[in-house]
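In what follows, a single structure is set out as C-alpha cells and then discussed.
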Amino acid sequence: YEAELPDFLAYSSVEYYFQFEHTYYTWHSPITAPDSFYTWHNATTNASEEKNITSRFELFQNYPNPFNPSTYISYAIPKSGLVQLKVFDINGKEIQTLVNESQNAGSHQVTFNGSPFSSGVYFYQLQFGKEVVVKKKMLYVK
C-alpha cells in the first residue's frame, strides 16, 4: 500500500498513527494509538509543551490478548477528572482496581498483571464521571 502524506511546513515534526484491518484482526501502530491523539512540535516549543488533544472518552482493547502474565490497557479522557479502572472475573466479581484517582486529560496506559489469578476471561471497566465503558475478551492463559 502507498500513502501520500501532506507537507506540514509549519511544524518541525508530525506523528502519524496507522490502523490495519483484516477479516479477523485489527492492528494499530503504535499499538496504543488512539483515534484522536495529536502531537505538535515546532521551533518555538519544547517537549514540556507537547499537547495531547483527546476529543472523547475512550477505552481501547488490551494488548497483548491473550496474555501471560501481563497486558496493557489504554484509555483516553477528554478533560481532567476522577478515573476508575476495574477488572472483573467472568462471574462479575471485581478482582482488582487498577486506577482510582483524578487524572489529567489525555491518553493513559496501565498494566494488568494476571499472575495471582487463574486462566480465563476477564472484563475491564472504565468509569469517568457518569460515563462507563466495559471491554471483554481479555484472556489470561497460564
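Numbers given in the numbering used here equal positions in the sequence shown, counted from 1, plus 8. Backbone N, C-alpha and C fix where the C-beta goes; we use that ideal spot for every residue, glycine too. If you're wondering where the values come from, they're calculated on a predicted model, not measured in any experiment.
Inter-residue spacing [alpha-carbon to alpha-carbon] between residue i and residue j
i, j, result
"S88", "L134", "15 Å"
"T79", "R64", "23 Å"
"P124", "E109", "23 Å"
"S115", "N121", "20 Å"
"N99", "E139", "22 Å"
"Q69", "M146", "8 Å"
"Q111", "Y130", "24 Å"
Other residues of its chain near residue i: CB distance less than 8 Å, five sequence neighbours each side excluded
i, result
"V149", "P74, F75, N76, S127"
Where residue i sits in the DSSP three-state scheme
i, result
"S56", "Because S56 sits at a pLDDT of 45, beneath the cut-off of 50, its placement in the model cannot be relied upon, and the following sentence gives the value as read from the coordinates. Correct three-state label for S56: helix."
"F96", "strand"
"F75", "strand"
"S82", "strand"
"V155", "Any question about residue 155 goes unanswered here, given that the chain covers just 9 to 150."
Residue from the options with nearest C-alpha to residue i
i, options, result
"Y132", "Q111, V107, S123, I85", "V107"
6 Å CB neighbourhood of residue i in its chain, flanking five on each side removed
i, result
"L67", "Y83, L134, V141, K143"
"Q104", "V95"
Cut-off 7 Å between Cβ atoms - residues of its own chain near residue i, not counting five sequence neighbours on either side
i, result
"F136", "F65, I85, G89, V91"
"V118", "I81, L93, L106, V107"
"E102", "K94, F96"
Handout entry: Residue ranges of each beta strand (DSSP E) within the segment 100-145, 3 or longer
Key = Those beta strand (DSSP E) runs which fall completely within the segment 100-145 and span 3+ residues are 102-111, 114-121, 128-136.
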